[in-house]
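The structure appears below as structure tokens.
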Amino acid sequence: MPSSRDVGRVVMDALYYALRYVLSSLADTPGASKKSKEKGESLLSQTGLSKEQLAALDLDEYETSIAGEIIPPQAIDTTFESIGGLDEIINSLRETVIYPLTYPELFAAGGSLLSAPRGVLLYGHPGCGKTMLAKALAKESGATFINLPLSSLTSKWFGESNKLVNGLFSLARKVQPSIIFIDEIDSLFRERSQADHEVTGMLKAEFMTLWDGLTSGTDRILVLGATNRPNDIDPAILRRMPKRFAIRLPNYEQRLKILSLMLSHTKLASGFSIEELARRTDGLSGSDLKETCRNAAMVPVREFMREKGRAGKDGLEAARREGFHVRPLALDDFAIHDSHQYHYVDPSKKRAPPGAYVDPVD
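Encoded structure:
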């Protein structure tokens, strides 16, 4: 019969291994850390940095973790030319953001007055091109684009979020010119209140402190935010974003440009009037227009498939050999039901006009 000492030893061993298992399940696994490091280094190498330059960066674990959110320039297929109807905003972005970032020596004579802004806010209705503008801005400027999701700054360990924020800005400084893009910035920097968690308050304070630290004339780092709820953003954050661009619902001329771009590679029926389509789509955002064109383009394809499909698979195979001759897109295709909804907005049932949007104020 085992003695009480033996029983106690067994119990202690069991507790030891149980505690070891619990701690190992809580800790970040080395495999995940290694995978994050490999992803970050791979993305950095795609920005044009050589192995020697990568080694010279000497990234710590937090910088490497944030590096996994970099979008290489060649992975961005959006350019200003592919965005329709926002010419005035694009010109302003070129003059106030891109040129100071890419040609700092041109603006050096004016000192800090002519330097690139440290923060830019794109705000407006959903689906009006804010994210597209951000990507095109990074593409044209040639800056390192850090697409920052909220999850990349959060950690289950107390104090780690602050270290990740520190890693974000130190990485941005090492790979500048760089753009830190925060989509739906209101969710991260909502106006502070007493109900905020302590960790959230510390994260915001750390972010703003490091943001204010971008005072060197040689720093070419831009914090770019996008939101459709500008009035929910903390006033202290808005103060740090002096350049603000309202992206409103497109007017007739803007819709005409957007539709012309979207339908430029589509075979249109004779007599097709893009002008008439632009009039019919009053109240739609750029994203709505894209879905409208996509749904309308499916109408001729659906008709073709139904017609040839009557003969079964053989009919479709024969049509493939002949080259799939689908009829051109007609204006009436935009008024055909799909999922019990029309593809354009009746002008008599408009949404709220663009002017109803409230601008954020200091």
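Read in order, the letters of the sequence shown correspond to residues 1 to 362 in full-length UniProt numbering. From the three backbone atoms N, C-alpha and C, an ideal C-beta is built for every residue, glycine too. Note that the structure is predicted; figures quoted are calculated from it, not measured.
| query | result |
| --- | --- |
| Name the one or two DSSP bridge partners that F181 has. | N147 and L224 |
| Can you list, in chain order, the residues of its chain whose CB lies under 6 Å from that of E95, leaving out five sequence neighbours each side? | none |
| May I have the straight-line CA-CA distance separating L188 from F207, to the nearest angstrom? | 11 Å |
| For residue 377, which option in D60, I98, P104 and S285 has the closest C-alpha, if you only look at C-alpha atoms? | Beyond the ends of the chain as shown, which are 1 and 362, falls residue 377; an answer cannot be given. |
| For F80 and G201, what's the separation of their Cα atoms in angstroms? | 37 Å |
| Once you ignore the five residues that flank K163 on each side, which residues in its own chain have a CB closer than 7 Å to its CB? | Y62 |
| Measuring CB to CB, does D288 end up less than 8 Å from G127? | yes |
| Round the Cβ separation of S161 and L150 to the nearest angstrom and send it over; I've been treating them as touching at under 8 Å. | Wrong, their Cβ atoms sit about 10 Å apart, outside the cutoff. |
| If you measure from the beta carbon of F334 to each beta carbon in chain C, is any gap under 8 Å? | Structure shown: chain C not included; a single protein chain is present. |
| Would you kindly report the start and end of the unbroken alpha helix (DSSP H) that includes L289? | G286 to G309 |
| With 16 as the cutoff for other CB atoms within 10 Å, does residue 363 come out buried or exposed? | Since the first residue shown for the chain is 1 and the last is 362, residue 363 is missing from the structure and cannot be characterised. |
| For A297, verify whether its CB is less than 7 Å away from any heavy atom of the ligand GDP. | Among the ligands in the structure shown, none appear at all, so the ligand GDP cannot be discussed. |
| Determine contact between the segment 314 to 323 and the segment 280 to 296, defined as no fewer than three beta-carbon pairs at a distance below 8 Å. | no |
| Applying the criterion that 16 or more other CB atoms from any shown protein chain within 10 Å of the CB defines a buried residue, is H325 buried or exposed? | exposed |
| What are the boundary residues of the beta strand (DSSP E) that G124 is part of? | G119 to G124 |
| Below 8 Å between beta carbons: does that hold for L261 and I274? | no |
| Taking 8 Å as the threshold (C-beta atoms), are Q176 and I221 in contact? | yes |
| Under a three-way DSSP split, which group does I76 fall into? | coil |
| Does the distance from the C-beta atom of K78 to that of K135 stay below 8 Å? | Sequence inspection shows Thr at residue 78; the Lys mentioned does not correspond to that position. Yes, Cβ-Cβ distance for T78 and K135 is below 8 Å. |
| With a threshold of 6 Å on Cβ separation, who are the neighbours of G167 within its own chain once the five nearest residues in sequence on each side are excluded? | Y62, E63 and I66 |
| Can you list the alpha helix (DSSP H) stretches of 4 or more residues lying completely in the segment 251 to 291, in chain order? | 252 to 262 and 274 to 280 |
| Assign I83 to one of three DSSP states: helix, strand, or coil. | coil |
| Where do the N-terminal and C-terminal ends of the beta strand (DSSP E) with I247 fall, by residue? | K243 to I247 |
| Are L268 and A296 close, meaning C-beta to C-beta below 8 Å? | no |
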